[in-house]
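Protein chains: 4
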Amino acid sequence: MSYTLAISPLLAPILGDDAAARLFSAEADLEAMLRFEVALAEAQSRSGLVTAEAAKQIAIVAQGLSRNSADHAEAIARDAMVVPGLVAALKKAAGPSLEASIHLGSTSQDVIDTSLMLRAKQAISGIVERSKTIENLLSDLEKRFGALPLTARTRMQKALQVTVSNRLALWRIGNAAARTSLASLSFPLQFGGPVGTLEAFGPKGSALKRELALALGLDVLDHCWHTERSPILSIGNACAGVTTALGKIGIDVVLMAQNEFSEVKLQGGGTSSVMHHKQNPVKAEVLVTLARFNASQLSALHAAGVHEQERSGTAWTLEWMVLPQMIVAAAASARLTEELLRSIERFGP
Amino acid sequence: MSYTLAISPLLAPILGDDAAARLFSAEADLEAMLRFEVALAEAQSRSGLVTAEAAKQIAIVAQGLSRNSADHAEAIARDAMVVPGLVAALKKAAGPSLEASIHLGSTSQDVIDTSLMLRAKQAISGIVERSKTIENLLSDLEKRFGALPLTARTRMQKALQVTVSNRLALWRIGNAAARTSLASLSFPLQFGGPVGTLEAFGPKGSALKRELALALGLDVLDHCWHTERSPILSIGNACAGVTTALGKIGIDVVLMAQNEFSEVKLQGGGTSSVMHHKQNPVKAEVLVTLARFNASQLSALHAAGVHEQERSGTAWTLEWMVLPQMIVAAAASARLTEELLRSIERFGP
Amino acid sequence: MSYTLAISPLLAPILGDDAAARLFSAEADLEAMLRFEVALAEAQSRSGLVTAEAAKQIAIVAQGLSRNSADHAEAIARDAMVVPGLVAALKKAAGPSLEASIHLGSTSQDVIDTSLMLRAKQAISGIVERSKTIENLLSDLEKRFGALPLTARTRMQKALQVTVSNRLALWRIGNAAARTSLASLSFPLQFGGPVGTLEAFGPKGSALKRELALALGLDVLDHCWHTERSPILSIGNACAGVTTALGKIGIDVVLMAQNEFSEVKLQGGGTSSVMHHKQNPVKAEVLVTLARFNASQLSALHAAGVHEQERSGTAWTLEWMVLPQMIVAAAASARLTEELLRSIERFGP
Amino acid sequence: MSYTLAISPLLAPILGDDAAARLFSAEADLEAMLRFEVALAEAQSRSGLVTAEAAKQIAIVAQGLSRNSADHAEAIARDAMVVPGLVAALKKAAGPSLEASIHLGSTSQDVIDTSLMLRAKQAISGIVERSKTIENLLSDLEKRFGALPLTARTRMQKALQVTVSNRLALWRIGNAAARTSLASLSFPLQFGGPVGTLEAFGPKGSALKRELALALGLDVLDHCWHTERSPILSIGNACAGVTTALGKIGIDVVLMAQNEFSEVKLQGGGTSSVMHHKQNPVKAEVLVTLARFNASQLSALHAAGVHEQERSGTAWTLEWMVLPQMIVAAAASARLTEELLRSIERFGP
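Chains as they are written, first to last, in this note's numbering: chain A, 1 to 349; chain B, 350 to 698; chain C, 699 to 1047; chain D, 1048 to 1396.
What follows is the structure, given as structure tokens:
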């Protein structure tokens, strides 16, 4: 899962997140793939599988390779992924003497899955940070408005009088639960070779895997997870958890901002092309949108969960279309929540 | 979430699971709801909120109440749930002197969510047991056939020669990962009162909650999760994890059973109404069906994840339509996998 | 697609529809399947393929066959569908002399798909009737309240002053568009034989198909649609169209019924187990729930749209789990809308 | 729905379609939006609402406006859509004397929905053309291979001997049904003003709408469809119909290309980074992927179908995230099918 859909320039300022989107750009993907190839050669040089000099040269050659996706288009159209073409380009640039030391005992899926995990780890870490900021902002709101009265509502009808503090608590436990899920994710190295058995390395495979994971800052699983996609599904589940938790903040704000309620006052707000009196709570609305978006994407991701035999082209490609979008949606949701909470000028009567 | 969809008699023998379906019957739901009411009165009697005698009487009266859903139909049509009618019936049967001691400080959602958790816990425990049986059956297959050669296939094309053991390993890690997710689930008591604040009990609320959870064998969360549905979503995620993991076994068997492959021989198999030479691998097929079913249901469950304000009628009701189906699908998947693995007469050449 | 999930007794009074649910009961399915077998023999008797006497006898024997699903459970568990067992039971009851005249040139899928179409046609026709009633009720509301002022709201904020008539118009066009889709559905006979080619009948096949369709009141397609499932998908699309259109009425009523808005007054309404002042707009809420439910189910139905080769066990079975639920949800939605509109006592200020 | 997600450069060569993607670029969207504003002024000049000179000037000013999305980013972040900022920029560039003649009586949704329809119409027309090419290619295959024997397979097991012609017929009827759905789509102008009532124009509104639709080559609906999204849902349904129909070709080819079957021989095919003997049927695989992708997206699109009150920010924004992706996926599917069919060198034994 190394590719992604980037958000169009006309949606990105509201629905996207710059930092997350950058991680899922073509350039970042190619960069991470080459990082895998270089780290692989280095790890293998320590086991004596390739020479130290070869590993060094491969790193230098990789440095000079094009990160321009246009240079790979033809190969992608043929192979439905970039790796075979990228490895061929790396070998060609390195020359015949280094060829045998490149991508040794590995396979496209090792490169693609590992590149994904490297970048997913970084993106999720960014969302965790945002979630902590959100927690702090909720504490601030608690201090400023917590003691004020608020009408609790069930089934969209007035129920009992509570305080702003009670409503904020609902937001806080949702945000905290989502962050706990993010924090418990693991980001494993993928390294199994052509059919997941690391058969090129015999008994050395396990140690090599551990060393490679360490070099790349990734977790290690005892097994190859070519077809066991729970690490992918867990990331998707957690991202949906984020957009759901923050979607609740969004819908609550949208409802509180209704004119007759006026339980919240926001700074800024969206304008209308003709009704100049309006202040639309657009960030809160978009939080609801993103929650629904990720809920649906999750079905696509789980539909991609069954990988037949030793590698599924159909299922794997579907992951590529969906997971990066879910991560970016979660990142955007966290960014918007932060902005929304900062814009609250009044909460309660 | 106290209600469920039951599988039709014409689907149940293949797509259902008796034990799980029983847990999500109307009777079992009413039983669990009344169990909550009785345990509540008992816990409150220990705090002196109701008398010990009242608690005892309530238990006796609850025993005699109708578990026949037809007796509750009118109330359900009015309230969109059974609880208000059930509590009214319980109070009526108990008489005026006990009324104030029934459902004291509680709310419909406490009853419904807790009833769900009581039964989900039991259903998931049954799936965990099946998963262990599956692990044992895979070990048996390993012993019988592990050393035989098998063609590894990637992107539906012959890749390299491996052994049956390698393929079995893919199945085992999937089944193990799914079981790990199931085993890490928590099944919390729901107890928050009308708007989630347990305001009827003041400082005594927290201890009462703990006592009630202990009596019912459920977990305790510090907060009320009326609107924080991650316990529900986690169960759905884990059930989808089960059907996905076992769906892989299904699709692999379907492909291995293709006539030209003949990499597996199954005892039994489905018959055709006209082509009497056929042996259809129907249990393996249904495993794939159930995986796809749960993948889609998961989007419905997450679409139900955002609960506005202090209680969402719309989102909550959607949970009721979806989660029991997902649990039963997971249970059926585990049952079918067990049967399928037992039916393997030959694996490999 | 002959089986269904029936709604549990504890959900049915609010989320179900009696007439639709009855059509998707095991009994109705078995009845329709036997109707197909009887009509097949009759049509074939007119082409001289079976004797008139045989056709007559088959009708009598079919009459006496058990519609009790329990009698078929073992066969269903083996074959993942009821037809092979049902045909065997019919042949056995008819005796050796009639065996060759039963199910002649047909296949399980002909029986199952046709049974579905017979019942779907009837169910959809019921929803169309409800939709006309809804139109009439909307006209009544227009007469009673149309001229009153109402605040148009965009992005949940006050926009401009309009009239109740404008809001009702939005409801009317949605309901009308949904009905147009329902009315344009076709319900084709399925008749293709074992692999969709009607190869048992040679040049006579086409005429036989036409005659059989006429007898059963179904449409005729030139081709066999064993694997071309657009008739199924179109029904699902149209049912989602119904729940979406009526879901809009639901969400608008929920919002209008908010205490601060009070733009609508409903007779009845759901009660609370503890907050006796509340009048919950539960029917309106459930309309939103059903819209979301069908939106998600539609992805499952379309996931079942790709049928490999000449018959897909996996995809077909998934249809069975999903489509009947969608139809019943649409029927329930129409019923609830009718009830909701009838309960409106005031609309506007 | 004026924005879109563009496919990343590393996916586009396989999963995208250049022509369709171009239609959903930021530039094409801005171009179409301005085309609406210009056509609006022109139509209004013929009704005397604005002067002919003003309309002419507006067209010239619009010509010079920036189509660079970066120039609109700040406004998008504020309003969650580009239109308020774009209209303001147009007015500013046009100067005070023209301001009142720009966007007169219209609203953001008119601009966005109309821009979408202009481009969707063109994209769908492109897919229809591809579908006709596919029909021709299937006829060619019929001529070359139709008479050859093929094993019909049901439930993944050998059923009966048929001919290649029979299998091709299944593909043909699917493709034809999908094209019929596409061809029956309507692409209506959106024109309702701030709350859908065209209240700025009184009795002239209807004629103005008709004239504007004619100028833009779009269909006319009697009503404003701000909240009645069946035109959007129908496009989504039809696009899912395309990917489903062509997904069947994909899965059949994948299965036929299995080494033991070898029922088809393809020219080209994807390469592996290490197993150089492999010829992966990647285009066929991707057809299955796209079918599953659109099946899931359809649930998101229908989840966006319920638009509350007079305009739903949350639901509308969700459409923007989903529909363009579905159209591009359908276009890509048609392109890949064409390429796949052209690559067939042998079909049958």
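Note that beta-carbon positions come from the ideal geometry of N, C-alpha and C, so glycine has one too.
- Per DSSP, reduced to three states, the secondary structure at T969 of chain C is coil, with no helix or strand assignment.
- Per the C-alpha coordinates, the member of B:E688, B:A392, B:A653, B:W574 positioned closest to A989 of chain C is B:A653.
- Listed along chain C, the residues sitting closer than 9 Å to K278 of chain A by beta-carbon distance are T852, R853, Q855, K856, A857.
- Under a criterion of Cβ atoms nearer than 7 Å, the residues of chain A adjacent to N586 of chain B are, in order, N237.
- Membership of T503 of chain B in the beta strand (DSSP E) is indicated by the continuous run 498-503.
- Taking 8 Å as the upper bound for CB-CB distance, P1196 of chain D and P1396 of chain D are in contact here, some 6 Å apart.
- Interface residue (Cβ-Cβ distance to chain B less than 8 Å): T987 of chain C is classified as such.
- Only buried fits E612 of chain B, as 16 or more other CB atoms lie within 10 angstroms of its CB.
- Identification of chain C residues near V254 of chain A by a Cβ-Cβ cut-off of 8 Å yields M854, ordered along the chain.
- Within the stretch 642-661 of chain B, A644, S645, S648, A649, A652 place their CB atoms closer than 9 Å to a CB of chain D, listed in sequence order.
- Looking at the DSSP output, K507 of chain B shares a beta bridge with B:R502.
- R695 of chain B sits in a strand when the DSSP states are folded into three classes.
- A contact between stretches requires three or more CB pairs, one per stretch, nearer than 8 Å, and the stretch 911-921 of chain C fails this requirement with the stretch 961-971 of chain C.
- Distance from the Cα of A525 of chain B is smallest, within the candidate group B:I425, B:A594, B:E380, B:Q658, for B:A594.
- Beyond the five residues adjoining it in sequence on each side, R877 of chain C comes within less than 7 Å, by CB distance, of V826, S829 in the same chain, given in chain order.
- Its chain contains V677, A680, A681, R684 as the residues whose beta carbon lies nearer than 7 Å to that of D366 of chain B, once the 5 sequence neighbours on both sides are disregarded; these appear in chain order.
- In the DSSP assignment, L379 of chain B falls outside any beta strand (DSSP E) and within the unbroken alpha helix (DSSP H) covering 375-395.
- Under the 8 Å criterion on CB atoms, L414 of chain B is classed as non-interfacial with respect to chain A.
- Judged by their CB atoms, E37 of chain A and L90 of chain A are nearer to each other than the 8 Å cut-off.
- Closest in alpha carbon position to A898 of chain C, among C:R720, C:S994, C:A798, is C:A798.
- Judged by DSSP secondary structure, K790 of chain C falls within the alpha helix (DSSP H) whose first and last residues are 781-792.
- Annotation for V1108 of chain D: no beta strand (DSSP E) segment contains it, though the alpha helix (DSSP H) segment containing it runs 1099-1111.
- Here I409 of chain B is exposed, its C-beta having fewer than 16 other C-beta atoms within 10 Å.
- D1299 of chain D and V1004 of chain C have their C-alpha atoms spaced approximately 10 Å apart.
- For L233 of chain A, the secondary structure class from DSSP, reduced to helix, strand or coil, is helix.
- Around the Cβ of A496 of chain B, a 10 Å sphere holds fewer than 16 other Cβ atoms; the residue is exposed.
- At a cut-off of 8 Å between beta-carbon atoms, M117 of chain A makes no contact with chain D.
- Residue contact with chain A for S1380 of chain D: absent (no Cβ-Cβ distance below 8 Å to any residue of chain A).
- E926 of chain C has C:V1004 as its beta-bridge partners, per DSSP.
- Around the beta carbon of P794 of chain C, a 10 Å sphere encloses fewer than 16 other beta carbons of the protein chains shown; the residue is thus reported as exposed.
- No Cβ of chain B is located within less than 8 Å of the beta carbon of T925 of chain C.
- Rounded to whole angstroms, the gap between the alpha carbons of S1253 of chain D and I1220 of chain D is 41 Å.
- Annotation for A55 of chain A: A41, E42, S45 place their beta carbon closer than 6 Å to its own, counting only its chain and skipping 5 residues before and after.
- Setting aside the 5 residues that flank it on each side, A443 of chain B is surrounded in the same chain by Q406, I407, V410, I451, each with a C-beta closer than 7 Å to its C-beta; the list follows chain order.
- Along the stretch 357-370 of chain B, the positions whose C-beta sits under 9 Å from a C-beta of chain C are S357, P358, L359, L360, A361, P362, I363, L364, read in chain order.
- In this structure, the CA atom of E319 of chain A is about 13 Å from the CA atom of Q109 of chain A.
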